[in-house]
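Novice: In this note's numbering, the protein residues as written are 82 to 420. Cβ atoms here follow ideal geometry from the backbone N, Cα and C, with glycine treated the same way. The structure displayed is predicted, hence computed values, not measured ones. Handing you this structure, nothing more for now.
Here you go:
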């Protein structure tokens with residue numbers, strides 16, 4: 082999921098973490114220890130709070146008002162059922178995280194997770210129900226094959242996530258516009274050949290549909306030319322694919338920024354890369370190629386001051402070094418390494 086940092090908060094302290102025991106639960110089997118009930122008897126020693134009786138809930142056990150109802154991850158929780166409720170968190174993504182309601186379908190869950198990644202909203206149960214459904218489908222598939230006597234034949238598991246058409250059903254039209262040049266540079270960084278540029282806008286035709294949105298074209302272009310390596314470059318899990326959308330959106334935003342407006346994004350990248358070798362974990366993906374392609378020209382014009390952002394420098398040098406090794410002959414020229 083997207084790595085969103087909550088606003089600074091005081092340490093969460095719980096005055097009491099034990100459950101309150103129900104009166105006389107130790108005397109009778111029919112009375113459970115959990116499920117406290119208030120004593121209402123006219124002569125009850127517990128109700129009158131005599132010395133030596135069990136403790137009862139009271140206002141003094143309450144937690145600090147500043148940290149009440151905050152989850153251990155530092156966010157307040159909002160349960161969302163649809164896209165409209167999720168978009169309420171657009172301006173509150175550092176205070177609230179989203180939890181997708183139990184009754185939401187797996188199809189809607191995927192759309193909500195992708196939209197949350199674009200909005201920068203943390204989702205506590207982004208992978209819920211999706212993995213369980215895939216496991217159930219595989220189990221039903223295996224049982225059906227066993228009934229037909231085919232259990233000894235190898236069979237690949239069904240693909241996770243949305244239905245992805247084969248690469249043979251995709252046609253990439255690489256134009257000479259800005260989108261086409263961006264696709265060519267990013268593919269070159271990944272060691273993939275995009276072919277010669279043609280006339281018209283850059284687009285991808287998939288099963289009769291035409292995609293012209295820059296990030297969609299870039300993803301489908303990588304999928305069409307990378308073959309078996311596509312899951313490694315585009316994310317193996319639903320959460321990685323959703324996070325990839327976030328980084329691709331950032332790569333389109335970065336060229337429009339400069340000076341003070343760029344600094345928060347550099348600090349965020351440095352913080353993410355302090356704990357990870359690459360943006361999506363231990364391996365280089367399309368996210369690294371797209372963000373570094375957008376960032377290097379900006380830093381060549383305005384270098385990083387002094388020894389600031391060491392993790393970002395290390396990552397950029399690593400991406401640039403691997404891109405220089407993989408860049409095909411005759412491909413687009415890549416900018417030099419940072420000083």
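Roughly how many whole angstroms lie between the Cα atoms of residue 421 and residue 118?
Specialist: Nothing can be reported for residue 421, as the shown portion of the chain is limited to 82 through 420.
Novice: Keeping to the same chain, check which residues put their C-beta closer than 8 Å to that of residue 159; ignore five residues upstream and five downstream.
Specialist: 166, 169, 170, 177, 178, 179 and 180
Novice: Buried or exposed for residue 324, please, with buried defined as at least 16 other CB atoms from any protein chain shown within 10 angstroms of its CB.
Specialist: buried
Novice: Within the same chain, show all residues whose beta-carbon is closer than 6 Å to that of residue 396, passing over the 5 residues directly before and after it, in chain order.
Specialist: The residues are 354.
Novice: Give a yes or no on whether the C-beta atoms belonging to residue 366 and residue 211 are separated by under 9 Å.
Specialist: no
Novice: Which residue wins for smallest C-alpha separation from residue 347, given the options 391, 309 and 358?
Specialist: 391
Novice: Assuming residue 180 is part of the beta strand (DSSP E), what are its boundary residues?
Specialist: 177-181
Novice: Of the choices 155, 102 and 96, whose alpha-carbon is the least far from that of residue 90?
Specialist: 155
Novice: So, is residue 184 buried or exposed, given that buried needs 16 or more other C-beta atoms within 10 angstroms?
Specialist: exposed
Novice: In whole angstroms, what separates the C-alpha of residue 398 from that of residue 268?
Specialist: 18 Å
Novice: Are there 16 or more other CB atoms within 10 angstroms of the CB of residue 150, so buried, or fewer, so exposed?
Specialist: exposed
Novice: How many whole angstroms separate the CB atoms of residue 303 and residue 315, which I take to be in contact at a CB cut-off of 8 Å?
Specialist: 6 Å
Novice: When you compare only the Cα positions, how much space is there between residue 87 and residue 197?
Specialist: 15 Å
Novice: Among the candidates 173, 202, 200 and 206, whose CA atom is the shortest distance from the CA of residue 187?
Specialist: Among 173, 202, 200 and 206, the Cα nearest to that of residue 187 is on 206.
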